[in-house]
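Quick notes on the structure that follows.
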Amino acid sequence: MSHHAIDVKHAHDAGLPGMDAPTELAEALRQTLDPYGMMTSVAHAQKAWLMHPQELSKASGEFFVDSMAFQSHLMRLALGLPSDDVIKPHVDDVRFADAQWESNPLWDVIKEFYLAVTHRTEDLLFATPGLSGVQRKRAAFWARQWLNAMAPTNNFFTNPVAMRRYIETHGDSLQHGFEHFLRDVKAKNIRLVEADAFKVGADLATHTGRVVLRNRLVELIHYTPTTAQVHQTPMLIVTPWINKYYVLDLTPQKSLVKFLTDQGYSVFITSWKNPTADMADVTFDDYLLDGVDQSVQTVQQICQVAQVHLTGYCIGGTLVATYMAWASRHYTEHTHPVAHWTLLTTLINFSRPGDIDVFIDEGAIAALEKKMAQSGFLDGSDMATSFRLLRSNSLIWHYVEHSYLLGEELPAFDVLFWNMDTTRMPAAMHAFYLRQMYLYNKLVKPDALTIGGELIDLTRITQDLYVVSAEDDHIVPWQQSYRVRHHVNFKTPVRFVLSTSGHIFAVINPVVTPPKRHFWVGEPSSNQSSEDWLKHAQKQAGSWWPDWMAWLSPRCGLMVDAPDVKAKNYPNLGDAPGTYVLEK
Numbered sequence: 405m406s407h408h409a410i411d412v413k414h415a416h417d418a419g420l421p422g423m424d425a426p427t428e429l430a431e432a433l434r435q436t437l438d439p440y441g442m443m444t445s446v447a448h449a450q451k452a453w454l455m456h457p458q459e460l461s462k463a464s465g466e467f468f469v470d471s472m473a474f475q476s477h478l479m480r481l482a483l484g485l486p487s488d489d490v491i492k493p494h495v496d497d498v499r500f501a502d503a504q505w506e507s508n509p510l511w512d513v514i515k516e517f518y519l520a521v522t523h524r525t526e527d528l529l530f531a532t533p534g535l536s537g538v539q540r541k542r543a544a545f546w547a548r549q550w551l552n553a554m555a556p557t558n559n560f561f562t563n564p565v566a567m568r569r570y571i572e573t574h575g576d577s578l579q580h581g582f583e584h585f586l587r588d589v590k591a592k593n594i595r596l597v598e599a600d601a602f603k604v605g606a607d608l609a610t611h612t613g614r615v616v617l618r619n620r621l622v623e624l625i626h627y628t629p630t631t632a633q634v635h636q637t638p639m640l641i642v643t644p645w646i647n648k649y650y651v652l653d654l655t656p657q658k659s660l661v662k663f664l665t666d667q668g669y670s671v672f673i674t675s676w677k678n679p680t681a682d683m684a685d686v687t688f689d690d691y692l693l694d695g696v697d698q699s700v701q702t703v704q705q706i707c708q709v710a711q712v713h714l715t716g717y718c719i720g721g722t723l724v725a726t727y728m729a730w731a732s733r734h735y736t737e738h739t740h741p742v743a744h745w746t747l748l749t750t751l752i753n754f755s756r757p758g759d760i761d762v763f764i765d766e767g768a769i770a771a772l773e774k775k776m777a778q779s780g781f782l783d784g785s786d787m788a789t790s791f792r793l794l795r796s797n798s799l800i801w802h803y804v805e806h807s808y809l810l811g812e813e814l815p816a817f818d819v820l821f822w823n824m825d826t827t828r829m830p831a832a833m834h835a836f837y838l839r840q841m842y843l844y845n846k847l848v849k850p851d852a853l854t855i856g857g858e859l860i861d862l863t864r865i866t867q868d869l870y871v872v873s874a875e876d877d878h879i880v881p882w883q884q885s886y887r888v889r890h891h892v893n894f895k896t897p898v899r900f901v902l903s904t905s906g907h908i909f910a911v912i913n914p915v916v917t918p919p920k921r922h923f924w925v926g927e928p929s930s931n932q933s934s935e936d937w938l939k940h941a942q943k944q945a946g947s948w949w950p951d952w953m954a955w956l957s958p959r960c961g962l963m964v965d966a967p968d969v970k971a972k973n974y975p976n977l978g979d980a981p982g983t984y985v986l987e988k
């Protein structure tokens with residue numbers, strides 16, 4: 405069967421009307437020329453405005469008012485009179501932070517014109533009549549990519565900072581910038597950090613430990629205890645395979661792993677294989693069975709315990725939630741291997757998945773499936789590009805300006821280095837994840853999925869749960885993360901935390917003095933809304949890590965002698981960080 409025939413089948417499965425031959429041809433061309441709907445979404449918005457002349461007339465009037473205000477601003481500047489900006493940059497927009505953008509009339513006019521066009525265009529697209537909210541958001545998103553690219557800060561001749569730097573350095577800044585540009589062309593990527601800025605195992609991921617399990621999908625690392633005694637119940641952390649595990653063990657000062665071992669926990673962590681083409685058929689079921697379940701059994705055997713504490717981060721948390729539902733059927737109440745669990749910035753309900761939903765529709769997924777069918781995987785650079793587009797000003801154009809136009813060297817930033825250290829996704833697993841989770845949201849529908857031979861029903865989960873979300877998370881909106889409270893069993897005790905910061909730094913949140921962040925915490929009832937929970941939640945300064953320890957410690961049993969990693973029967977397949985994390 406051709407890829408095209410598969411795409412048509414998916415269209416029917418999604419409830420689209422039957423396609424005749426011309427329609428099929430048009431759809432095939434669209435998927436070839438515009439697979440992610442960039443041009444199509446903006447064209448739909450344009451057509452919608454033309455079909456609503458009354459609304460278009462009103463919007464044109466508003467644009468005329470803006471134009472008059474802008475002309476008045478220009479006139480006052482020309483006469484040397486003080487004049488406030490018609491449109492000010494957003495408080496988080498650092499592109500126009502230099503004083504010349506305000507003090508020099510020429511640069512101020514360029515800035516004002518750009519901001520006026522940008523803001524009005526986005527407002528128009530978000531207000532497009534006759535389109536759904538998702539269609540409006542998608543049109544505005546793709547228009548924003550073009551508008552961000554056209555910013556005056558991205559062009560040498562419309563960037564006063566770049567021109568000043570050129571004069572101050574006698575041209576060296578532009579020469580260095582061109583060298584940086586050639587380096588990135590060779591790497592086929594706009595670098596955020598130098599490739600040799602850090603070395604995994606030497607500068608990052610340095611906490612000592614041993615690989616105690618290795619199969620085709622995962623290495624399981626057991627970290628060397630740093631205390632003579634540890635809590636009786638060990639902890640297994642299931643990391644996301646979209647990135648590499650060592651974000652949880654960056655440097656000793658930021659390492660969640662070190663913090664946990666110092667608190668007296670026996671810590672195990674998954675380090676996932678970087679898939680190659682011969683792993684195209686690896687499924688979500690395999691990640692659950694060969695990844696999580698086999699790791700759980702290994703931890704049980706090494707620590708000689710009946711149950712573990714299971715923690716999942718991001719997509720690793722989605723897998724953990726699936727595993728908890730799977731285990732509720734696969735094991736009995738007395739043999740269930742998990743005593744309690746933690747989710748870190750995790751999506752369970754995918755109905756509103758955040759900014760990434762601009763990439764989620766039938767056409768985009770079909771295009772990805774077609775691409776993955778050829779390679780056997782989704783390349784890590786494709787995934788990274790998608791996430792960088794969500795924050796293109798800070799993760800793309802900032803580096804165009806500072807690295808190319810200003811000739812600045814890249815900062816040695818550990819989180820950015822980790823962010824650039826991408827991994828691949830097996831074709832079968834990733835297609836399943838996008839369709840069944842994102843597109844069809846089946847994880848929260850009882851018995852809608854069969855994984856590992858068991859029907860998945862989250863309402864069967866009764867083990868105590870600790871949940872961490874992030875206030876500024878654009879990948880896992882905290883309100884969606886909260887909804888796990890509504891999907892597990894109504895009797896399940898849940899403690900929910902909302903931390904300031906985003907998807908990474910809300911989790912990598914070490915205790916510091918004075919505190920950098922704060923968090924809200926409370927124990928929501930099964931029918932309580934996220935808004936109502938926040939009204940009644942307790943606000944605390946600092947990191948949530950100590951609160952987690954206070955919740956976890958009484959649940960993890962007595963202190964016992966730490967496992968002897970030098971014992972003859974102790975598995976030893978190599979030192980941490982293992983081999984899988986080093987695979988490119």
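All you need for the numbering used here is the position in the sequence shown, starting with 1, plus 404. Just so you know, even glycine gets a beta-carbon here, dropped at the ideal spot from N, CA and C. Every value quoted in this text rests on a predicted model; they were computed, and no experiment measured them.
Exercise. Span of the beta strand (DSSP E) holding residue 617?
Worked result: 613-618
Problem set entry | Unbroken beta strand (DSSP E) run spanning residue 965, endpoints | 963-965
Exercise. Contact between the region 774-785 and the region 808-828: three or more CB pairs below 8 Å?
Worked result: As far as the Cβ criterion goes, the region 774-785 touches the region 808-828, which means the pair count is three or higher.
Problem set entry | Span of the alpha helix (DSSP H), counted from its first residue to its last, around residue 719 | 719-734
Exercise. Using the beta-carbon count (16 or more within 10 Å), is residue 917 buried or exposed?
Worked result: exposed
For this session: Determine contact between the region 636-655 and the region 948-968, defined as no fewer than three beta-carbon pairs at a distance below 8 Å.
Result: Contact between the region 636-655 and the region 948-968 is present, because at least three Cβ pairs lie under 8 Å.
Exercise. Is any heavy atom in the ligand GTP found nearer than 8 Å to the beta carbon of residue 581?
Worked result: The ligand content of the structure shown is nil, which means the ligand GTP is not present either.
Problem set entry | Inter-stretch contact (C-beta, 8 Å, three-pair minimum) for the region 740-747 and the region 721-728 | A contact exists between the region 740-747 and the region 721-728.
For this session: Taking only the alpha-carbon atoms, compute the straight-line gap between residue 457 and residue 451 and give it to the nearest angstrom.
Result: Residue 457 and residue 451: Cα-Cα distance of roughly 11 Å.
Exercise. Does the distance from the C-beta atom of residue 752 to that of residue 692 stay below 9 Å?
Worked result: no
Exercise. Could you give the distance in angstroms between the alpha-carbon of residue 684 and the alpha-carbon of residue 643?
Worked result: 21 Å
For this session: Please go through the same chain and pick out, in chain order, the residues whose beta-carbon is closer than 8 Å to the beta-carbon of residue 417, but skip the five residues on each side of it.
Result: Only weak support exists for where residue 417 lies, its pLDDT of 40 falling under 50; the coordinates are left without a value.
Exercise. So, helix, strand or coil for residue 414, using DSSP?
Worked result: Because the pLDDT of residue 414 is 39, which lies under 50, any placement of that residue in the model is unreliable, and the number read from its coordinates should be weighed accordingly. Helix.
Problem set entry | Three or more C-beta pairs below 8 Å linking the region 562-570 and the region 505-514 | yes
Exercise. Alpha carbon to alpha carbon, what distance is there between residue 966 and residue 706?
Worked result: 11 Å
Problem set entry | residue 896 versus residue 660: straight-line alpha-carbon distance, rounded | 26 Å
Problem set entry | residue 759 to residue 701 span [Cα, whole Å] | 37 Å
For this session: Quick one: grab the DSSP three-state call for residue 448.
Result: In the three-state reduction of the DSSP assignment, residue 448 falls in the helix class, which pools H, G and I.
Exercise. In whole angstroms, what is the alpha-carbon distance linking residue 466 and residue 535?
Worked result: Taking C-alpha positions only, residue 466 is separated from residue 535 by approximately 21 Å.
For this session: Give the DSSP-derived three-state secondary structure of residue 862 in the structure shown.
Result: helix
For this session: Counting only runs of 4+ residues fully inside the region 449-535, write out the alpha helix (DSSP H) ranges in chain order.
Result: List check, alpha helix (DSSP H) in window: 457-482, 504-507 and 509-530.
Problem set entry | Contact between the region 759-768 and the region 532-552 (3+ Cβ pairs under 8 Å) | yes
Exercise. Can you tell me the Cα-Cα spacing of residue 811 and residue 576, whole angstroms?
Worked result: 8 Å
For this session: Give a yes or no on contact between the region 795-807 and the region 944-958, applying the rule of three or more CB pairs nearer than 8 Å.
Result: no
Exercise. What residues in its chain sit with their C-beta under 7 Å from that of residue 788, if we drop five residues either side in the sequence?
Worked result: 826
Problem set entry | Per-residue DSSP class, three states only, for residue 645 | Coil.
Exercise. In the structure shown, what three-state DSSP assignment does residue 796 receive?
Worked result: Residue 796 falls in the helix class under three-state DSSP.
Problem set entry | Delimiting residues of the beta strand (DSSP E) encompassing residue 581 | From DSSP, residue 581 is part of no beta strand (DSSP E) but of the alpha helix (DSSP H) over 576-591.
Problem set entry | Anticipated Cβ contact below 8 Å, residue 499 with residue 555, distance rounded | Yes, they are in contact, since the Cβ atoms of residue 499 and residue 555 sit about 6 Å apart, within 8 Å.
For this session: Output yes or no for whether 9 Å exceeds the beta carbon distance between residue 671 and residue 696.
Result: In terms of Cβ geometry, residue 671 and residue 696 do not form a close pair [threshold 9 Å].
Exercise. Taking C-beta to C-beta, are residue 608 and residue 821 nearer than 9 Å?
Worked result: Yes.
Problem set entry | Same chain only: Cβ atoms within 6 Å of residue 667, ignoring 5 sequence neighbours per side | So the qualifying residues of the chain are 953.
Exercise. Over what stretch of residues does the beta strand (DSSP E) that includes residue 806 continue unbroken?
Worked result: That residue, residue 806, is in no beta strand (DSSP E); it is neither H nor E in DSSP.
Exercise. When burial is assigned at 16 or more other CB atoms within 10 Å of the CB, is residue 817 buried or exposed?
Worked result: exposed
Exercise. What does a CB cutoff of less than 6 Å around residue 653 pick up in its chain, not counting 5 residues either side in sequence?
Worked result: 609, 611, 659 and 661
Problem set entry | Contacts around residue 837, its chain only, beta-carbon distance under 7 Å, and the 5 residues preceding and following it disregarded | 688
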